[in-house]
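As structure tokens, the structure follows; a few thoughts come after it.
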Amino acid sequence: MKEDIKINVDQGVKELVLRQGKAEELVPFREKVSVVGNLDTPYNYLKNPPAWFTAVDVKVKEEGEKHEGDSALNYSEVYVDRDNMSIELVVDAGAVWESKYKGVLKEDEGFKLFAINTGKSYTTFELAELFKMNRSHFETKDIAMKLVSELVNFQAKVNNQLQDSDDSRGNKTFLMQQAVESNIPKAFNLNIPIFKGFDKHLIEVEVSISARDFSCTLISPEANDIINETKNVLIDQQLELIRDKFSSLKIFEI
């Protein structure tokens, strides 16, 4: 399909040149990088950055006079997301070669395996198997195996208590609740890191068993407190290291 092109030429213009073709693609000045790692990833980059990160470009004006330009540091910034427990360093923000170094405070895989405070439910046999296969996270293996034995035999004990009871009023729900409260220890301790790459914590964990169907969930107010309090301490520690290294680096809380 042909299109008409109208061109107005001002007086005094003797030649008009039209060129057709694709514009040359912009070649990135630097390689674009994207890294996601542990919380200290941004600082690990900043504590030993490449020479160009702080180097100031020297530019030349038309008349030949030299003056200083900007460094990549001036176009870099840090974003802090406390809800998602992350710190992200953006280098040369807005450029084609913009690079990102993101550090995330991740829960330790061992801690995640227990699904504490997540609402996940287990049968008593499933929970016993979980404890048996991960007994190294308990204070002692003997404590773990005692819990395993209690959980494996739990339903049999409950059934025996119900059979032995003389409840002419048929108050079965009450008896089941009594059995739940009496047969399983109220709490046990795990010696486990909550966050990946950080020290272990001795935390108290409760086994909550439903009297209706004997399903089990693991809860720990102590672990919840540690997560909420410690995450901010660890994030602030990293931000302090970053500020000490480059005080002019812009930091934004999102």
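Its first residue numbered 68, the sequence shown is counted upward by one per residue in the numbering used here. The C-beta atom is built at its ideal place from N, Cα and C for all residues, glycine as well.
Handout entry: Per DSSP, the bridge partner or partners of Ala254
Key = The partner list for Ala254 (beta bridge, DSSP) reads Glu273.
Handout entry: Backbone secondary structure at Glu307 - three-state DSSP
Key = helix
Practice task
With Glu193 as the anchor, note down where its beta strand (DSSP E) starts and where it stops.
Solution key: That residue, Glu193, is in no beta strand (DSSP E); its alpha helix (DSSP H) goes Thr191 to Met200.
Handout entry: Exposure of Ser143, with buried meaning 16 or more beta-carbon neighbours within 10 Å
Key = buried
Problem - Cα-Cα separation, Val125 to Asp148 - result: Any answer about Val125 is weak, because its pLDDT of 47 lies below 50 and its placement is not dependable; what the coordinates show is given next. Near 36 angstroms, if we compare the C-alpha coordinates of Asp148 and Val125.
Practice task
Would you give the residue range spanned by the beta strand (DSSP E) that Phe319 belongs to?
Solution key: Unbroken beta strand (DSSP E) run through Phe319: Lys317 to Glu320.
Practice task
With DSSP as the reference, please indicate the residues paired to Ile210 in a beta bridge.
Solution key: When DSSP reads this structure, Ile210 sits in no beta bridge, so it has no partner.
Exercise for the section: Evaluate Pro109 with the Cβ neighbour count: other Cβ atoms within 10 Å of its Cβ, from every protein chain shown; 16 or more gives buried, anything less gives exposed. Expected result: Around the CB of Pro109, 16 or more other CB atoms lie within 10 Å, so the residue is classed as buried.
Handout entry: Spatial distance of Asp266 from Asp175 (CA atoms)
Key = 10 angstroms
Exercise for the section: Determine the direct distance from the alpha carbon of Thr284 to that of Ile318, and round the result to whole angstroms. Expected result: Those two C-alpha atoms are separated by around 40 angstroms.
Practice task
Taking the CB atoms as reference points, tell me whether Leu106 and Leu172 lie closer together than 7 angstroms.
Solution key: yes
Exercise for the section: Output yes or no for whether 7 angstroms exceeds the beta carbon distance between Val219 and Lys169. Expected result: no
Problem - Cβ contact check for the stretch 307-321 and the stretch 275-290: 3 or more pairs under 8 angstroms - result: no
Handout entry: Environment of Val300 [buried if 16+ CB atoms lie within 10 Å]
Key = exposed
Exercise for the section: Taking 7 angstroms as the cut-off, decide whether the C-beta atoms of His204 and Leu257 are in contact. Expected result: yes
Problem - Run of the alpha helix (DSSP H) containing Leu180, from where it starts to where it stops - result: Glu176 to Leu180
Practice task
Give every residue of the same chain whose Cβ lies closer than 8 angstroms to the Cβ of Asn291, excluding the five residues on either side of it in the sequence, and list them in chain order.
Solution key: Asn184
Practice task
For Ile321, collect the residues of the same chain with a Cβ closer than 6 angstroms to its Cβ; drop the 5 residues on either side in sequence, then sort them by chain order.
Solution key: Tyr146 and Asp148
Problem - Minimum C-alpha distance to Lys253 - residue among Glu273, Leu269 and Ala122 - result: Ranking the options by Cα distance to Lys253, first place goes to Glu273.
Problem - Per-residue burial, Leu194 [other beta carbons within 10 Å of its own, 16 or more giving buried] - result: buried
Exercise for the section: Excluding the 5 residues preceding and the 5 following Pro260 in the sequence, name in chain order all residues of the same chain whose CB lies nearer than 6 angstroms to its CB. Expected result: Asp175 and Lys267
Exercise for the section: To the nearest angstrom, report how far apart Thr297 and Glu217 are at their CA atoms. Expected result: 34 angstroms
Exercise for the section: Run the CB neighbour count on Thr191, radius 10 Å, all protein chains shown included, and call it buried at 16 or more, exposed below. Expected result: Classified as buried, Thr191 has 16 or more neighbouring CB atoms from the shown chains inside 10 Å of its CB.
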